[in-house]
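Residue numbers (mature numbering (1 follows the signal peptide of the UniProt record, and there is no 0)): -22 to -1, 1 to 109. All residues carry an ideal CB built from backbone N, CA and C; glycine is no exception.
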Amino acid sequence: MKKLLSVVCALCVCGLAVPLWAGSLSISELAVTTKVSKGKPIDAVHRISHRTVKALYCFTRTVTDDAAETTIRHVWLRGGQVVKETDLPIRGKRWRAYSTLPVDASSVGNWRVDVKDGAGTVIKSVEFRIH
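In structure tokens form, the structure reads like this:
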């Protein structure tokens, strides 16, 4: 009985922790950048040398008519293979979020970052190349 109660409590807590999806969420800005400063990307990378940066950031600005908290996921892919996934909270009608990718010589290749909603649907993507 104690075990059943523990399982039920754990399921309830997990259920409360999963945010509801705001149906009208859209991406108003998406950029891979070398730095985020004062809540904004300083540039937009399309092609960059691995020797010039130690990390890249994927910056996302969201807009929704629903203020309910939700989550988006940044999926970093190199050559179509998932390298990194990061869940990011969205906590307002207008929200900014970013994830980071360390860069070194092993990072060379064609990259894409997919932004996915809570259901796993790709909302928007950005492509770039590290050489």
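Here the C-alpha atom of Phe37 lies approximately 23 Å from the C-alpha atom of Ala83. The criterion of a C-beta distance shorter than 8 Å is not satisfied by Thr99 and Ile68.
The residue among Leu3, Tyr35 and Ser4 with its C-alpha nearest the C-alpha of Trp89 is Tyr35.
Ala83 sits in a helix when the DSSP states are folded into three classes. Per the coordinates, the alpha-carbon of Glu63 lies some 22 Å from the alpha-carbon of Arg72. Going by DSSP, Leu3 is part of no beta strand (DSSP E) at all; its letter is neither H nor E.
Here Ala97 is exposed: its Cβ has fewer than 16 other Cβ atoms, across all protein chains shown, within 10 Å. Secondary structure of Ala33 (DSSP, three-state): strand.
In this structure, DSSP gives Asp43 a state outside helix and strand, which the three-state scheme calls coil. In this structure, His109 and Arg56 do not form a Cβ contact; the two beta carbons are roughly 13 Å apart against a cut-off of 8 Å. A distance below 6 Å between beta-carbons, with the five flanking residues on each side excluded, links Glu105 to the following residues of its chain, in chain order: Arg90. Taken in chain order, the complete beta strand (DSSP E) segments of 3 or more residues contained in the stretch 48 to 75 are 48 to 56 and 59 to 68.
Taking C-beta atoms as the reference points, Asp95 and Val53 fail to come closer than 8 Å.
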